[in-house]
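Below is one structure, written out as structure tokens, with a few remarks after it.
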């Protein structure tokens, strides 16, 4: 009888862990949508995500690290992620970080993020939350330009919990070929959260690193963030030193990549109501569900 009780408790604990997100449980079950490209995006962007599998519906919160064994592959360097590939263009002229990507957008490609991968019930329409981004690089930095349609800007969270307010998230696998088939996070997988401004878009900017676990903590002092806003839209320009990712960039390099936007419309509560992504297969604990970024 005691043995049966122990087995029951172990099973119950496993169910609890897989049903919720670290560091706190979610009351709302995530919901997903794959066939809802916003009509306003049709003529605006150069490339679109291609859904290839059902999304996992996991929230953007940092979670308990899963364990998995990599499957060796002699052709990993030639394999390609099934999700969207995006291109970071080499920038011979450094962008002016003023929150407006106008001075370097023409040198890049723009990509939309409109897949609701968490909190579909809370998502109203494209004015509620919809994003786009551009990417660039040089020998020193990865550059990210962001435009988000958001009718209510709310960011009162901070630190490890900044995802519970309006913010963006970058997932980057810095050793794509080396662990191509590894379905769990390890020391070369980065989860970075960026808050455009606490209290308002003009408030303090913040960047937080959830993964790798060994490097977890604030990286605000290492990343340059600028932001601006107009009615219903906020913009970001982010400059990330390659030293943060501990890699040396080179033309043709392929990195695992995913871009997401968290939305909160409730100023009375710090909560992640919705998460939209450029990839419908969002599963932040599983790098094999991410797309790719190619340095061009």
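In the numbering used here, the protein residues as written are 122 to 417. For glycine and all other residues, C-beta sits at the position ideal for the given N, C-alpha and C.
- A direct Cα-to-Cα measurement between residue 415 and residue 209 gives close to 6 Å.
- In summary, residue 371 is exposed, with fewer than 16 beta-carbon neighbours lying within 10 Å of its beta-carbon over all protein chains present.
- Contact between residue 247 and residue 271 is ruled out by a C-beta separation of about 10 Å, above the 8 Å threshold.
- Assignment of beta strand (DSSP E) within the stretch 234-317, counting only whole runs of 3 or more residues, yields 236-239, 251-258, 262-270, 288-294, 310-316 in chain order.
- Residue pairing from DSSP places residue 210 in a beta bridge opposite 257.
- For residue 347, the closest C-alpha among the options 322, 334, 337 is that of 322.
- When secondary structure is reduced to three states using DSSP, residue 369 falls in the coil class, being assigned neither helix nor strand.
- Residue 373 and residue 242 have their C-alpha atoms roughly 40 Å apart.
- In the structure shown, residue 401 adopts coil according to DSSP, grouped into three states.
- Ranked by how close their Cα comes to the Cα of residue 317, the residues 310, 283, 366, 225 have 283 in first place.
- In the structure shown, residue 216 adopts coil according to DSSP, grouped into three states.
- The beta-carbon separation of residue 293 and residue 376, rounded to 6 Å, stays under the 8 Å limit for a contact.
- With contact defined as three or more Cβ pairs closer than 8 Å, the stretch 345-361 and the stretch 203-219 are in contact.
- Under the DSSP assignment, residue 331 falls in the beta strand (DSSP E) whose first and last residues are 327-332.
- Counting only residues of its own chain and dropping the five nearest sequence neighbours on each side, residue 400 has a CB closer than 7 Å to the CB of 170, 204, 205, 236, 379, 411, 412.
- In the three-state DSSP reduction, residue 362 falls in the strand class (E or B).
- Per DSSP, residue 414 is one residue of the beta strand (DSSP E) stretching across 412-416.
- Taking a 10 Å sphere around the C-beta of residue 251, we find 16 or more other C-beta atoms and assign the residue as buried.
- In terms of Cβ geometry, residue 275 and residue 386 form a close pair [threshold 8 Å].
- Residue 245 sits exposed, since fewer than 16 C-beta atoms from the chains shown fall within 10 Å of its C-beta.
- With a threshold of 16 other beta carbon atoms within 10 Å, residue 314 meets it and is buried.
- Counting only the Cα atoms, residue 222 lies some 27 Å from residue 405.
- Per the C-alpha coordinates, the member of 253, 231, 212 positioned closest to residue 398 is 253.
- It is roughly 14 Å from the alpha-carbon of residue 309 to the alpha-carbon of residue 302.
- With respect to the C-alpha of residue 269, the residue from 200, 231, 388 having the closest C-alpha is 231.
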